[in-house]
Amino acid sequence: MKYSPDDFTTIYHATLTQVSKFVHFKVNDFEDAQELVQNVYLDFYKYICRNDKNIDNVSAYLISMAKNELTRYYKTKSETPKIITDEDNMMLEQISDDQDLEVEVINDLSCQEIWAIIESMPALDKQILIAHYRFDLPFSEIARSLNMPGSTVRSRHQTAIETIKSKIK
Numbered sequence: 364m365k366y367s368p369d370d371f372t373t374i375y376h377a378t379l380t381q382v383s384k385f386v387h388f389k390v391n392d393f394e395d396a397q398e399l400v401q402n403v404y405l406d407f408y409k410y411i412c413r414n415d416k417n418i419d420n421v422s423a424y425l426i427s428m429a430k431n432e433l434t435r436y437y438k439t440k441s442e443t444p445k446i447i448t449d450e451d452n453m454m455l456e457q458i459s460d461d462q463d464l465e466v467e468v469i470n471d472l473s474c475q476e477i478w479a480i481i482e483s484m485p486a487l488d489k490q491i492l493i494a495h496y497r498f499d500l501p502f503s504e505i506a507r508s509l510n511m512p513g514s515t516v517r518s519r520h521q522t523a524i525e526t527i528k529s530k531i532k
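The opening position of the sequence shown corresponds to residue 364 in our numbering, with each subsequent residue numbered one higher.
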């Protein structure tokens with residue numbers, strides 16, 4: 364049986380949604396997927412114009428053609444060399460080689476945990492720790508601003524540090 368252009372139009376409208384969905388779920392890029400669907404129908408049209416064979420299940424045949432087209436697409440895509448632009452290259456150069464992501468994550472989590480413990484401490488201990496570690500103030504200056512003896516500030520600091528250590532372990 365020879366198919367006519369009207370038969371192709373009917374088949375196209377009846378199967379376009381199914382074939383398009385199949386291809387779009389397999390390809391990330393919308394334009395590439397559209398091009399693959401076009402290639403499938405172009406190849407199908409050429410096939411039915413050349414051959415007199417009757418196709419029992421046109422939908423299954425088109426899906427089979429789409430699979431073959433996808434295979435060709437991914438094969439050529441894997442063979443295509445990746446081009447790194449100057450902008451990409453500059454971004455890669457900005458990343459230091461000595462960065463260790465795992466260490467950064469652990470440090471970040473540890474800092475968050477420590478600050479959560481500090482937030483739960485009495486206000487005076489929190490003030491002493493923040494003044495000493497965030498603002499690098501010596502104990503004598505902290506004592507002066509809090510109107511306390513220096514030994515009391517050092518003692519409260521040491522007690523606060525011990526509290527943090529005990530809660531972390």
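Every residue, glycine too, gets a C-beta built ideally from N, C-alpha and C.
The DSSP-derived three-state label of I426 is helix.
Inclusion of I505 and A494 in the CB contact set at 8 Å is warranted, their separation being smaller than that value. Between the alpha carbons of L500 and M511 lies a gap of roughly 15 Å. Between the segment 433-440 and the segment 411-421, the count of C-beta pairs closer than 8 Å stays below three; the two stretches do not touch.
Listed in chain order, the non-local C-beta contacts of I374 below 7 Å within the same chain comprise V421, local neighbours out to five positions each way being set aside. By the 16-neighbour rule on beta-carbons within 10 angstroms, T378 is buried. Under the three-state reduction of DSSP output, V390 falls in the coil class, being neither helix nor strand. Shown here for I418: same chain residues with a beta carbon closer than 6 Å to its own, the five before and five after excluded, namely Y424 in chain order.
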